[in-house]
Ligand SMILES: NC(=O)c1ccc[n+]([C@@H]2O[C@H](COP(=O)([O-])OP(=O)(O)OC[C@H]3O[C@@H](n4cnc5c(N)ncnc54)[C@H](OP(=O)(O)O)[C@@H]3O)[C@@H](O)[C@H]2O)c1
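Shown next as structure tokens:
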């Protein structure tokens with residue numbers, strides 16, 4: 008039997024949880040969830056408690072030697088929008104945490120993942136959940152937009168390197184915008200005071216007009232990329248366009 012190993016950050020809720028549950032439907036898949044909270048109980052699921060805001064906890068995590076794998080995947084999904092407010096009025100701790108979870112943690116995990124498995128002759132993928140916000144400036148989301156833009160670029164560089172360095176079994180690298188998804192992150196956006204975020208009504212309308220995707224549908228679309236990585240030449244993708 009073939010065995011696929013998936014490391015997913017942020018499996019506590021939202022897209023990460025839906026993705027883990029979707030992958031676990033296939034008995035060839037084993038999932039390791041790295042998160043602060045866990046709501047998944049499954050014989051092929053392992054939970055490792057990590058707070059990605061804490062450098063020491065993040066740095067202590069090690070990717071283990073996997074002998075029976077046919078495919079190994081890192082999904083950097085965990086993310087936070089941080090305090091929604093204008094530059095000049097943002098809490099500095101929020102800026103720090105947003106970059107830590109959205110840029111530094113996925114960059115460190117990608118670095119350690121490539122280090123751990125670079126000599127493995129099998130299919131290897133790093134898929135980071137980025138955001139359209141990393142590709143367009145959005146009022147009141149400065150740290151979120153900038154931290155997603157940073158991980159897009161980190162992924163682009165890693166991809167260029169894989170094409171230069173790895174002859175037989177390079178890592179496929181993706182940074183993917185998931186669309187607008189009905190999770191707690193959208194609830195936080197809708198609950199922002201209009202004086203701090205003038206476009207809040209647009210996000211309330213998305214919800215009222217049922218324009219949000221479900222985490223489950225998003226998980227299915229992300230799995231399309233994971234199942235057929237060679238179909239996608241670009242590093243920066245958007246699930247609404249695949
Ligand atoms: N929802 C959208 O419309 C949307 C749009 C574009 C991009 N995204 C991106 O999609 C990804 C998933 O977001 P979501 O919508 O599913 O949001 P969510 O429901 O708020 O979930 C965020 C996930 O990140 C984890 N997380 C946050 N801070 C963490 C920390 N310090 N340490 C460990 N895990 C942490 C959470 O796990 P625990 O709290 O259990 O630790 C949770 O599983 C994020 O990268 C987000 O930026 C979402």
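Residue numbers (my numbering): 8 to 249. Just so it is clear, CB atoms sit at the ideal spot from N, CA and C, and this is done for glycine as well.
Inclusion of residue 152 and residue 145 in the CB contact set at 9 Å is warranted, their separation being smaller than that value. In this structure residue 63 is exposed. Its beta-carbon is surrounded by fewer than 16 other beta-carbon atoms within 10 angstroms. Rounded to whole angstroms, the gap between the alpha carbons of residue 184 and residue 42 is 20 Å. Residue 39 places its beta carbon less than 9 Å from that of residue 53. Under DSSP, residue 16 takes part in a beta bridge, and its partners are 41. Nearest neighbour of residue 165 by Cα position, chosen from 203, 201 and 122, turns out to be 122. At a threshold of 8 Å, residue 157 does not count as near ligand 1, since its beta carbon sits no closer than that to any of the ligand's heavy atoms. With a 10 Å radius around the Cβ and a threshold of 16 neighbouring Cβ atoms, residue 202 comes out exposed.
As computed with DSSP, residue 131 is found in a beta bridge with 79 and 178. Put simply, of 249, 198, 55 and 74 the residue whose alpha carbon is nearest the alpha carbon of residue 15 is 55. No Cβ-Cβ contact shorter than 9 Å links residue 154 with residue 210. Around the beta carbon of residue 182, 16 or more other beta carbons lie within 10 angstroms, which makes this residue buried.
Judged by the Cβ position, residue 12 fails to qualify as a neighbour of ligand 1 at the 8 Å threshold, every heavy atom of the ligand being at least this far. The continuous alpha helix (DSSP H) containing residue 168 extends over residues 149 to 172. Here residue 128 is exposed: its Cβ has fewer than 16 other Cβ atoms, across all protein chains shown, within 10 Å.
Taking every protein chain shown into account, the CB of residue 69 has fewer than 16 other CB atoms within 10 angstroms, so this residue is exposed.
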